[in-house]
Amino acid sequence: MEHIINTCDILKIRYPSAKFVICGDFNEINTEELENALSLSQVVDFPTHNQSVLDEIVTDLSNQYLPPQPLPPVGKSTHLSILWTPIPTTTHHQPPIIRKYRPTPDSLIRGFGQWLVHYPWVEVLTVSEVDIKWENYSTTITQAYYHFFPEKSTTVHPSDMPWITTRIKKTH
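Going letter by letter, the sequence shown gives residues 1 to 172 in UniProt numbering.
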């Protein structure tokens, strides 16, 4: 029993969202220590051999399954079989999300910087009103930004893990 508990502890550390189903013929074995140590529950509530519950399912997934059902023994076995069925679920289709971004690699930043330094700024320098100067400057810079840093888009699915990046998706 200690080996099973230690192994499950190691798995929980390595895989924090891990779930467990430990099942079998527990003749002469008390699963209470296992249940308490790992916060599991035994779900078989009917005798599987004569009047005793020898075949058990110990799990932390009991809320995702229907109660186990007894089935006739297989072959020459004297133990009942156990049917443990997942609760049917309906999945709601979540549409993908399209995210827009503007990549800024060094080459484009250098190109934008060169344009910025060499641009004559006539529409700003020849106007005397500050509001119009600002509007002209803002319009010119925005247009240049859109030109040098074109918009791209990527599709993200709501079910994607946070570490799934565009780069990872492109490699597969």
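Cβ atoms here follow ideal geometry from the backbone N, Cα and C, with glycine treated the same way.
Bear in mind the structure is a predicted one, so any value in this text is a computation, not a measurement.
Runs of the alpha helix (DSSP H) spanning 4 or more residues and lying entirely within the segment 65-124 occur at 106-118, in chain order.
Ile22 is a Cβ neighbour of Ile4, given a cutoff of 8 Å. Taken through DSSP and simplified to helix, strand or coil, Ser159 comes out as coil.
By the C-beta criterion, the segment 61-78 is judged not to be in contact with the segment 124-136, since fewer than 3 inter-stretch pairs fall below 8 Å. With a beta-carbon spacing of about 6 Å, Val156 and Arg99 fall inside the 8 Å limit used to define contacts.
For Ser81 against Asp60, the beta-carbon gap comes to about 23 Å, at or over 8 Å, which does not count as contact.
For Pro88, the closest alpha carbon among the candidates Arg110, Tyr65 and Arg102 is that of Tyr65. Going by DSSP, Glu35 is part of no beta strand (DSSP E) but of the alpha helix (DSSP H) stretching over Glu32 to Leu38. Under DSSP, Ser41 takes part in a beta bridge, and its partners are Thr59. Beta-carbon to beta-carbon, Pro103 and Phe149 are separated by about 7 Å, close enough to satisfy the 8 Å threshold. Inter-residue distance for Gln42 and Phe20 is about 12 Å (C-alpha atoms, whole angstroms).
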